[in-house]
Amino acid sequence: MPDAQGKIRYAVVAGGWISQGAFMPGVDQTRNSVMTALVTGDPIKADQLAALYDLKSYSYEQFPELLASGEIDAIYLATPNFRHREFAVPALEAGIHVLLEKPMAASEEDCLAINAAAERGNAKLMIAYRLHCEPGTVEMVQRVRNGDIGEPRLFTATFTQHTKAENHRMKSGFWAGPAADMGPYPLNAVRNLFGGEPLEVHAVGAQTPGRPINTPDTVSVTLRFAEQRQATFTVSFSLPASERFQLIGTQGEFEASPCFGFGEGVAIAYRSIIDGEKQEHTFPVVDQFGGETEYFSQCILDDRQPEADGDEGWRDVRVLAAIERSLQTGEVQKLEPLPSRKGIQADQARQLPLAKIPPYVNTTEPND
Numbered sequence: 001m002p003d004a005q006g007k008i009r010y011a012v013v014a015g016g017w018i019s020q021g022a023f024m025p026g027v028d029q030t031r032n033s034v035m036t037a038l039v040t041g042d043p044i045k046a047d048q049l050a051a052l053y054d055l056k057s058y059s060y061e062q063f064p065e066l067l068a069s070g071e072i073d074a075i076y077l078a079t080p081n082f083r084h085r086e087f088a089v090p091a092l093e094a095g096i097h098v099l100l101e102k103p104m105a106a107s108e109e110d111c112l113a114i115n116a117a118a119e120r121g122n123a124k125l126m127i128a129y130r131l132h133c134e135p136g137t138v139e140m141v142q143r144v145r146n147g148d149i150g151e152p153r154l155f156t157a158t159f160t161q162h163t164k165a166e167n168h169r170m171k172s173g174f175w176a177g178p179a180a181d182m183g184p185y186p187l188n189a190v191r192n193l194f195g196g197e198p199l200e201v202h203a204v205g206a207q208t209p210g211r212p213i214n215t216p217d218t219v220s221v222t223l224r225f226a227e228q229r230q231a232t233f234t235v236s237f238s239l240p241a242s243e244r245f246q247l248i249g250t251q252g253e254f255e256a257s258p259c260f261g262f263g264e265g266v267a268i269a270y271r272s273i274i275d276g277e278k279q280e281h282t283f284p285v286v287d288q289f290g291g292e293t294e295y296f297s298q299c300i301l302d303d304r305q306p307e308a309d310g311d312e313g314w315r316d317v318r319v320l321a322a323i324e325r326s327l328q329t330g331e332v333q334k335l336e337p338l339p340s341r342k343g344i345q346a347d348q349a350r351q352l353p354l355a356k357i358p359p360y361v362n363t364t365e366p367n368d
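With full-length UniProt numbering as the guide, the letters of the sequence shown map in order to residues 1 to 368.
See below:
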């Protein structure tokens, strides 16, 4: 049950940068959510974050105790990808709702196991696609559906950053590398803008000389959709930060930059060219993590299925797995057709003000 003020009570599972620098501050921006617990393997975080946010802290070994405590209604799960199933399944089976960071898991098998656990526990599962609640992104999806640029035909995107050598993502293979870590952003964007699923996947990768990484650090992907629609995107851990996409339809185009990021000074903006008329479309900086949390909590309170559910998460992981196979074999990977989804809805957009970010708490376990 929610707390006395009718707010959904969250435990934060893993106290890494994304939790400290985005989710935890964002919860305070919502009207229907509150944090009550923290799960971490790091004693420094356990002490300092619990004191900062007035939380009860648990170790990973105490996770079953937390699930049975009656202190939480939901968890925000932000462990490394390969540990998502480990914590999502018992939480969902216990009837605890789960807001799960993307990608949903490090294999299709894990995704299906997580989805099955949600059904067994009758618990809500939402993948943390924060852009599904971001006003500019939501508007672009709605305008494409309304036919404002005609039939969408071509999507191209670039998303790059320079990841430090000591970051665990540089040491943990494909499912922590740029294709799995950054690829879900352009992949999920084009799936929603096209309103469909890719039928063929081809990927090529490169490993930058001198970069200590055990998977390609720059990956380019080509996707073929039904009706001969095409998409390409490139992601990289070894280039200066850049993010943009262009969507071209039969009657016009959208170009967005920034389009995937969040935080101070980052407002999603896009430019349209329709019938030769150029327009700029700007939006305020919003707290994307607060927005997705408020939306998920409202789904729990209203007992309705969140849009970005486990099926949405699995569909992206299915493509990521095909990208991995294509990198390994050099061959085009074919995917079975899937039924269309309802997709992002206009009422998901949230405009919560950006939270002030407290100083980062140092850690003895950088992967947590």
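C-beta atoms are modelled at their ideal positions from N, C-alpha and C, and glycine is treated no differently. A quick note: this is a predicted structure, and the numbers were derived from the prediction, not measured.
A straight line joining the alpha-carbon of L92 with that of I274 spans about 46 angstroms. Under the DSSP assignment, I75 falls in the beta strand (DSSP E) whose first and last residues are 74-77. Proximity to F289 across A11, G41, A165, Q29 peaks at Q29, based on C-alpha coordinates. In the displayed model, L49 falls within a helix according to three-state DSSP. Within the model, the alpha-carbon separation for R315 versus T160 is close to 23 angstroms.
Exclusion of the five residues before and after D181 leaves R169 as the residues of its chain whose Cβ lies within less than 7 angstroms of its Cβ. Within 10 angstroms of the beta-carbon of N81 lie 16 or more other beta-carbons, which makes it buried. If you draw a straight line from the Cα of K356 to the Cα of P2, it comes to about 25 angstroms. DSSP, read as helix, strand or coil, puts A241 in strand.
Assigned with DSSP and collapsed to three states, E280 falls in strand. With fewer than 16 other CB atoms across the displayed protein chains lying within 10 angstroms of its CB, H162 is exposed.
Pairing A22 with F260 gives a Cβ-Cβ distance that is not under 9 angstroms.
Boundaries around L327 are those of the alpha helix (DSSP H), 310-329, since no beta strand (DSSP E) includes it.
A116 and L131 have their alpha carbons spaced roughly 25 angstroms apart. Assigned with DSSP and collapsed to three states, Q298 falls in helix. Secondary structure of S172 (DSSP, three-state): coil. Sorting Y58, K334, S242, D302 by C-alpha distance to the C-alpha of K124 places D302 at the top.
Cα atoms of Q62 and G196: separation of roughly 42 angstroms, rounded to the nearest angstrom.
The criterion of a C-beta distance shorter than 9 angstroms is not satisfied by L187 and T218. Contact between F254 and I149 holds, since their C-beta atoms are separated by about 6 angstroms, short of 8 angstroms. By the Cβ criterion, the region 326-343 is not in contact with the region 54-72, since fewer than three pairs of Cβ atoms, one from each stretch, lie closer than 8 angstroms. A Cβ-Cβ distance of about 6 angstroms is found for the pair A50 and L38, placing them in contact under the 8 angstroms criterion.
DSSP places S220 within a strand segment (E or B) once states are collapsed to three. For S340, the closest alpha carbon among the candidates S326, P306, E312, A269 is that of E312.
For the pair G249 and V144, the CB atoms are nearer than the 9 angstroms cut-off.
Under DSSP, V201 takes part in a beta bridge, and its partners are L223, Q333. In the pairwise beta carbon analysis, the region 269-285 is classified as not touching the region 88-103: fewer than three pairs are separated by under 8 angstroms.
The beta carbon of V13 lies closer than 6 angstroms to those of V39, I75, L77, F87 in the same chain, with the five residues before and after it left out. Rounded to the nearest angstrom, the gap between the Cα atoms of Q228 and A322 is 19 angstroms. Where M140 is concerned, there is no enclosing beta strand (DSSP E), although the alpha helix (DSSP H) around it starts and stops at 135-145.
When secondary structure is reduced to three states using DSSP, R85 falls in the helix class. Between I8 and V98, the alpha-carbon positions lie close to 12 angstroms from each other. Counting only residues of its own chain and dropping the five nearest sequence neighbours on each side, D73 has a CB closer than 8 angstroms to the CB of M1, P2, I8, R9, Y10, I96, H97, I300.
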